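First comes the structure, then the notes that go with it.
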Amino acid sequence: MFASPCAVGVPLTLQGRLVPRGSRGFPRRVSVLPRIARCAAGQNPTGPATSQSLAKSGNGKLSLTDLASPALPSHGAARATSANFEVGVMSAPIEASVAATRAALAAKGYGDSELFAVARAAAAGLALAFAYTAAKKDLDTPGRPWMDDTTVGREYDAWTEEMILEYYWGEHIHLGYYNDEVMRKGAGTLLGHKAKDFVEAKLDFVEEMAVWAGCGENTPRTVLDVGCGIGGASRHLAKGFGVGTDVTGITLSPKQVQRATDLAAQQGIPNVNFRVMNALAMEFPDNSFDLVWACESGEHMPDKKKYVEEMIRVLKPGGTIVIATWCQRETTPETEFTPKEEANLKFLYEEWAHPYFVSIEEYVRLMEGTDAMATVGSANWVKETIRSWRHSIWVGVYDPWPVVKAGPRIWWKTIREIVTLERMHRAFDNGLMQYGMIKATKASR
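Under numbering that gives the first Met the number 0, think of the first position of the sequence shown as 0, with each following residue one higher.
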């Protein structure tokens with residue numbers, strides 16, 4: 000809060016000079032001294048009591064008795080008494096109350112030391128309650144809303160530099176894939192999280208996504224990874240398809256491009272490259288890629304229609320586009336979001352720099368609306384991916400030391416991330432969110 004400019008004891012300055020209170024723009028209080036002086040001279044008496052007290056002086060000067068007299072009859076007694084000026088003296092009723100309280104405590108065997116102990120415990124309880132309330136308010140308030148075209152790049156730059164996300168999530172900053180077999184073994188749960196390695200589940204997701212898109216039937220020669228992160232999927236596809244396929248990854252984060260490039264060099268993968276580029280205004284010519292791959296990048300796009308149109312523009316005729324993205328459920332006039340759902344969505348939007356989500360059905364409509372696609376298909380992979388949210392928490396619970404060593408700022412940030420991960424899990428579990436899979440083939444000329 001900003002202090003009031005008229006706060007007591009805080010002098011104001013103007014161009015380096017102290018400004019007298021009367022010249023700071025505040026109305027000057029009218030002094031009563033001239034009026035008192037006139038009364039002393041017998042002019043304009045204010046009332047009988049005042050005129051009598053002043054007349055006793057007889058010489059036109061103010062005596063101590065005159066100064067002690069009230070300026071107006073309504074101001075109280077004409078003569079001040081010592082009782083009017085006694086400060087810090089406890090009144091008899093308060094003393095009696097304190098004495099009664101102590102007597103009651105003594106009757107129960109409690110002395111002053113026990114009383115002070117109770118008071119300290121009460122103070123500690125109040126402090127704990129205040130801290131809890133403040134922490135809950137902070138955790139319930141999203142802190143990283145999408146602001147403009149630079150927001151996502153800045154956030155991913157920060158995450159890349161911290162290395163905490165990469166330590167726990169590996170090279171793939173997206174959810175993992177869990178089949179029925181590993182889920183029966185408890186994969187992704189607190190006690191069974193080792194039934195499936197968290198990073199391995201992400202590799203499985205890339206392979207399942209490629210198979211679902213039909214890449215096993217036709218090997219693409221040119222691949223574009225839109226929103227590549229630190230290049231985990233790009234490198235995995237480049238290795239899987241072989242040196243006859245060139246893979247290009249784009250992201251808004253320069254730090255991600257540098258990290259992705261370094262990892263490709265370390266792993267000896269020559270057929271992949273990375274560039275800083277806006278997915279809504281790509282620099283590639285039309286019809287450039289056999290496969291356009293977009294894994295969990297649509298969430299950050301402020302214009303979903305432009306996002307889809309740009310990817311289709313650079314896709315070759317006969318080529319395939321495949322999108323994996325978090326979606327909110329479809330609404331109708333009969334199934335609008337409740338106020339609670341809207342509040343939950345608002346948090347999910349603004350905590351991880353998401354402008355907004357759309358439904359799986361809306362992505363299909365956007366694809367079909369281009370009039371450029373021969374086929375469009377979709378699926379909801381919530382069942383196959385939902386274990387990832389809590390799995391990412393459990394791996395941190397079993398291996399907390401990177402966070403512990405990182406210091407208090409990362410501690411609190413990690414707590415915020417855990418809260419958001421759990422809120423994401425619940426949103427996907429109750430149907431507010433869906434895991435959208437959309438694939439389409441561009442019509443041949």
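Backbone N, C-alpha and C fix where the C-beta goes; we use that ideal spot for every residue, glycine too. All values derive from a computational prediction rather than experimental measurement.
Practice problem: Please report the residue range of the alpha helix (DSSP H) in which ILE417 lies. | Solution: 407-428
Quiz item: In whole angstroms, what separates the C-alpha of PRO401 from that of TYR166?
Solution: Cα-Cα distance, rounded: 8 Å.
Self-check item: Counted within 10 angstroms of its Cβ, other Cβ atoms place TRP411 as buried (16 or more) or exposed
Solution: Taking all protein chains shown into account, TRP411 has fewer than 16 neighbouring C-beta atoms within 10 Å of its C-beta and is therefore exposed.
Quiz item: In three-state terms, what does DSSP make of VAL205?
Solution: helix
Quiz prompt | VAL321 vs ALA442 beta-carbon contact at 9 Å | solution = no
Exercise. Would you mind reading off the limits of the alpha helix (DSSP H) that contains MET310?
Key: 303-313
Quiz item: Ordered along the chain, which non-local residues of its own chain (more than five positions away) have a Cβ less than 6 Å from that of LEU251?
Solution: VAL151 and GLY152
Exercise. Please work out which residues of its chain come closer than 7 Å, Cβ to Cβ, to THR330, disregarding the five sequence neighbours upstream and downstream, and give them in chain order.
Key: PHE336
Quiz item: When the Cα of GLU199 is compared with those of TYR176, TRP388 and VAL246, which residue comes out closest?
Solution: TYR176
Quiz prompt | Continuous alpha helix (DSSP H) stretch holding ILE392: start and end | solution = 386-397
Quiz item: Quick one: is LEU189 buried, meaning 16 or more other Cβ sit within 10 Å of its Cβ, or exposed?
Solution: exposed
Quiz prompt | Beta-carbon proximity of LYS195 to LYS184, cut-off 9 Å | solution = With respect to LYS184, LYS195 sits close: the two C-beta atoms are nearer than 9 Å.
Quiz item: Is it a yes or a no for the region 270-279 touching the region 238-248, going by three-plus beta-carbon pairs under 8 Å?
Solution: yes
Quiz item: How about VAL242 and VAL256: are their beta carbons less than 9 Å apart?
Solution: no
Exercise. Just list the alpha helix (DSSP H) runs in the region 171-259, keeping only unbroken ones of 4 residues or longer that don't cross its boundaries, in chain order.
Key: 179-183, 197-211 and 231-240
Quiz item: How about ARG220 and THR159: are their beta carbons less than 9 Å apart?
Solution: THR159 sits away from ARG220, with the two beta carbons spaced by 9 Å or more.
Quiz item: Is the CB-CB distance between GLU350 and GLY142 below 9 Å?
Solution: yes
Quiz item: Buried or exposed: where does ALA130 fall if 16 or more other Cβ atoms within 10 Å of its Cβ makes it buried?
Solution: exposed
Practice problem: Check whether the Cβ atoms of PHE356 and TRP380 lie closer than 9 Å to each other. | Solution: Here PHE356 is not near TRP380, since their CB atoms are 9 Å or more apart.
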